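First comes the structure, then the notes that go with it.
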Amino acid sequence: PLSVLLSAPIERVKNYVDVIDRLRKSTEPRSADFSALKTLSTDAARLATMCDGALLARERRERMQHFQRFWQKDPILPNFVSPHRELLLDGALAKQCRKMAKPYYFFLLNDMLVYGVLRRRGGGG
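With this note's numbering applied, the sequence shown covers 2 to 126.
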């Protein structure tokens, strides 16, 4: 899939971090290259962290778009997907109602909490 191809360069950056660290460990601390390798290692690790964060943000955005398609016909619900909105958590939880706990699906976004019942395709509530 496309997501595997998109993550390959990020995995390569992580491998670069490992290679640089091994090279730095085998370099004499008094060598002129040692401090440059240390700086390069720190910068590469920072870049790998930023890439991981970007991938996670993209996956969360795609997940919001997926659920938006299920509920887009409901005029009450706002559009989940917007530039400032981030999905923090989502999952099935039980909401305690008067007589019993009922299963709902919750979305915790950075600016709202949305929950509802996910219906199976083909009717059947």
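Glycine included, every Cβ here is placed at the ideal spot set by N, Cα and C.
Just so it is clear, the structure is predicted and the values come from calculations on it, not from any experiment.
A check of alpha carbon separations from R64 across F107, K26, S32 and T50 identifies F107 as the nearest. The stretch 86-97 makes no contact with the stretch 48-56, as fewer than three CB pairs between them are under 8 angstroms. CA-CA distance, M113 to F35, rounds to 49 angstroms. When the beta-carbon positions are compared, Y105 and G92 stay at least 8 angstroms from each other. From the listed residues L94, L48, C98 and T40, the smallest Cα separation to K15 is found for L48.
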